[in-house]
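Student: So that we are looking at the same thing, I have put the structure below in structure tokens.
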Amino acid sequence: MLRIHFTPADLGRVQITGPDVMAELVTTARNLVNGHPGTAVARGVSSTARPLLQLLERPDACPDFLTPGGELGVRSAFHAVLATPAGRVREELADYSHHAWTRDPGTVRQRLAPALHAYYDLAFRSQWPALSSRASRDQVTRMRMVAAGGLDDLFAHLHSMISWRSSTLSAVCEYDLDMYLDGRGLRLVPIASLTRPSVIDRPGAPLEIHYPAQAPAGPVRRVDALGPLLGRTRASILASVGAGATTSQLATRVGVSLPSASEHATVLRNAGLITSERVGGAVVHTLTPLGTALLGPVTRRGRKPPVIVRPGWQTGLRDT
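When you line the sequence shown up against the working numbering, it's residues 63 to 382, in that order.
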């Protein structure tokens with residue numbers, strides 16, 4: 063059993079993030095390598111992208127530097143991956159030495175840069191808007207769940223493989239393991255292309271749980287219903303505002319350009335569905351009571367069985 067223990071400080075440092083482009087990209091590539099149904103696009107991926115796929119051959123592991131985390135744009139995310147310190151690249155690829163090119167961090171960067179761009183252009187670009195939108199809807203739903211029922215409600219319904227009781231998040235595991243957050247907090251990341259949750263433990267950073275983005279059906283149906291009234295993109299922008307979002311975050315979550323997100327936000331603000339306030343160099347949008355009411359109530363789901371987890375730097379949770 064894996065047990066993640068929370069202090070009061072940790073409970074105050076729980077974050078629910080929006081779409082993570084590198085986590086989604088890496089997950090779709092892993093699904094492709096492992097022959098997951100619905101991702102049979104190998105014929106469309108050029109040999110240039112193969113170095114990326116070679117790093118994702120192992121179903122139980124993934125080099126952690128490929129998923130730097132954060133709501134980054136594609137260009138910034140690629141830069142973060144390629145700027146990983148050489149020592150860390152060497153350490154995380156130690157088990158991949160059967161591919162000669164992985165032994166030298168400089169060669170890794172030289173091959174990985176075109177591989178990332180090739181995979182993005184040939185296999186991921188067309189998927190990203192839908193994946194981003196689904197993750198954004200899940201994030202909004204979870205935030206509304208916290209507002210309605212607190213963190214207990216959020217954790218109790220996070221995923222069918224995860225259970226919550228007495229300030230402890232538990233997962234059935236082949237090891238008996240206790241993990242104490244000791245004030246560093248938890249980051250929840252909805253990933254639309256995941257089929258099962260994973261735990262990522264970055265030294266000195268909040269523990270991350272990546273879970274399949276499966277927003278309860280109620281708000282999703284409401285967004286679908288609002289499409290003919292507001293337009294599908296504008297309805298998605300409204301749903302992505304959640305507890306607050308900048309114009310840049312809205313653009314990333316919905317998969318539209320920054321000017322387009324700004325235009326849609328202006329229309330929603332003029333209609334009284336959101337409010338906008340400048341904070342520093344960014345404009346932060348929040349839902350008005352009318353906007354919240356228009357999106358409708360959260361649909362809750364029943365409790366599900368706990369999880370099985372494989373401990374490690376990047377830990378995949380799997381069914382029995």
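For each residue, glycine too, the CB sits at the ideal point set by N, CA and C.
Note that the coordinates shown come from a computational prediction; the quantities given were computed from them, not determined experimentally.
Return the residue from the list Leu-220, Arg-196, Tyr-273, Ala-197 that minimises the CA-CA distance to Ile-207.
Tutor: Counted from its first residue, the sequence shown places residue 207 at position 145. Residue 207 is actually Met in this sequence, not Ile. Out of Leu-220, Arg-196, Tyr-273, Ala-197, Leu-220 has the C-alpha closest to the C-alpha of Met-207.
Student: Going straight from the alpha carbon of Asp-240 to that of Pro-70, what length do you get?
Tutor: The sequence position of residue 240 within the sequence shown is 178, counting from 1. The sequence position of residue 70 within the sequence shown is 8, counting from 1. So the alpha carbons of these two residues sit roughly 17 angstroms apart.
Student: Would you mind sorting Arg-199 into buried or exposed? The rule is 16 or more other CB atoms within 10 Å of its CB.
Tutor: The count along the sequence shown starts at 1 and reaches residue 199 at position 137. Classification of Arg-199: buried, given that the 10 Å Cβ count is 16 or more.
Student: For chain D, find out if any of its Cβ atoms is closer than 8 angstroms to the Cβ of Ala-275; answer yes or no.
Tutor: Chain labels in this structure do not include chain D; a single protein chain is all it has.
Student: Any idea which residues DSSP pairs Pro-59 with across the strands?
Tutor: Residue numbering for the chain in the displayed model covers 63 to 382; residue 59 lies beyond these limits and cannot be assessed.
Student: From this set, Ala-180, Asp-126, Glu-270, which residue's C-alpha is nearest Ser-108's C-alpha?
Tutor: Position 46 of the sequence shown, counting from 1, holds the residue named residue 108. Checked all of Ala-180, Asp-126, Glu-270; the closest Cα to Ser-108 is Ala-180.
Student: Quick one: is Val-341 buried, meaning 16 or more other Cβ sit within 10 Å of its Cβ, or exposed?
Tutor: Locating residue 341 in the sequence shown gives position 279, counting from the first residue. Exposed, by the Cβ-count rule.
Student: In this structure, does DSSP put Arg-258 in helix, strand or coil?
Tutor: Indexing the sequence shown from 1 puts residue 258 at position 196. It is coil, neither helix nor strand.
Student: Would you list the residues sitting across from Trp-226 in a DSSP beta bridge?
Tutor: Mapped onto the sequence shown, residue 226 falls at position 164. Its beta-bridge partners are Leu-231.
Student: For a quick check, are the C-beta atoms of Gly-470 and Val-346 less than 8 angstroms apart?
Tutor: Shown here, the chain extends from 63 to 382; a query on residue 470 therefore has no answer.
Student: Is DSSP giving Val-318 helix, strand or coil here?
Tutor: Along the sequence shown, one-based indexing puts residue 318 at 256. If DSSP states are grouped into helix, strand and coil, Val-318 belongs with coil.
Student: Give me the Cα-Cα distance between Val-170 and Leu-193, rounded to the nearest whole angstrom.
Tutor: Indexing the sequence shown from 1 puts residue 170 at position 108. Indexing the sequence shown from 1 puts residue 193 at position 131. Distance between the alpha carbons of Val-170 and Leu-193: 28 angstroms.
Student: Assuming Tyr-181 is part of the alpha helix (DSSP H), what are its boundary residues?
Tutor: Against the sequence shown, residue 181 aligns to sequence position 119. Taken as a continuous stretch (DSSP letters only), the alpha helix (DSSP H) holding Tyr-181 covers 167-181.
Student: Where does Ala-145 sit, in a helix, a strand or coil, going by DSSP?
Tutor: In the sequence shown, residue 145 corresponds to position 83, counting from 1. Correct three-state label for Ala-145: coil.
Student: Give me the Cα-Cα distance between Met-205 and Ser-319, rounded to the nearest whole angstrom.
Tutor: Taking the first residue of the sequence shown as 1, we reach residue 205 at position 143. Taking the first residue of the sequence shown as 1, we reach residue 319 at position 257. For Met-205 and Ser-319, the distance between alpha carbons rounds to 24 angstroms.
Student: What separation, rounded to the nearest whole angstrom, lies between the Cα atoms of Arg-75 and Gly-245?
Tutor: Sequence index remark: in the sequence shown, residue 75 carries index 13 (1-based). Sequence index remark: in the sequence shown, residue 245 carries index 183 (1-based). Cα-Cα distance, rounded: 8 angstroms.
Student: Would you mind stating whether Pro-259 and Ala-275 have Cβ atoms separated by less than 8 angstroms?
Tutor: Locating residue 259 in the sequence shown gives position 197, where the first residue counts as 1. Locating residue 275 in the sequence shown gives position 213, where the first residue counts as 1. The answer is no: Cβ separation not under 8 angstroms.
Student: Return the Cβ separation of Leu-335 and Leu-300 in integer angstroms, given the expectation that the two are a contact with Cβ distance under 8 angstroms.
Tutor: The residue given as residue 335 occupies position 273 in the sequence shown. The residue given as residue 300 occupies position 238 in the sequence shown. At roughly 6 angstroms, the Cβ-Cβ gap stays under 8 angstroms, so Leu-335 and Leu-300 are in contact.
Student: Using the beta-carbon count (16 or more within 10 Å), is His-141 buried or exposed?
Tutor: Within the sequence shown, residue 141 is the residue found at index 79, counting from 1. The residue is exposed, with fewer than 16 neighbouring Cβ atoms inside 10 Å.
Student: Which residue or residues does DSSP assign as beta-bridge partners of Val-346?
Tutor: Residue mapping note: residue 346 aligns to position 284 of the sequence shown, counting from 1. Partner(s): Thr-308, Glu-339.
Student: Pick helix, strand or coil for Met-241, following the three-state DSSP scheme.
Tutor: Counting from 1 along the sequence shown, the entry for residue 241 is found at position 179. It is a strand residue.
Student: When you compare only the Cα positions, how much space is there between Ala-233 and Ile-66?
Tutor: The sequence position of residue 233 within the sequence shown is 171, counting from 1. The sequence position of residue 66 within the sequence shown is 4, counting from 1. Answer to the nearest angstrom: the Cα atoms are 9 angstroms apart.
Student: Work out the CA separation of Val-95 and Pro-113 for me, nearest whole Å.
Tutor: Translated into positions along the sequence shown, residue 113 becomes position 51. Translated into positions along the sequence shown, residue 95 becomes position 33. So the alpha carbons of these two residues sit roughly 12 angstroms apart.
Student: Can you tell me the Cα-Cα spacing of Thr-337 and Pro-147, whole angstroms?
Tutor: Counted from its first residue, the sequence shown places residue 337 at position 275. Counted from its first residue, the sequence shown places residue 147 at position 85. Near 42 angstroms, if we compare the C-alpha coordinates of Pro-147 and Thr-337.
Student: Which whole-angstrom value describes the C-beta separation of Thr-314 and Gly-135, a residue pair presumed to lie in contact below a C-beta threshold of 8 angstroms?
Tutor: Position 252 of the sequence shown holds residue 314. Position 73 of the sequence shown holds residue 135. Right, their Cβ atoms sit about 6 angstroms apart.
Student: Measure from the alpha carbon of Leu-250 to the alpha carbon of each residue in Ala-327, Ile-262, Leu-312, then state which is nearest.
Tutor: As a working mapping, residue 250 is identified with position 188 in the sequence shown. It is Ile-262 whose Cα lies nearest to the Cα of Leu-250.
Student: Between which two residues does the beta strand (DSSP E) holding Arg-65 run?
Tutor: Residue numbering aside, residue 65 sits at position 3 when the sequence shown is read from its first letter. Run containing Arg-65: 64-67, per the beta strand (DSSP E) assignment.
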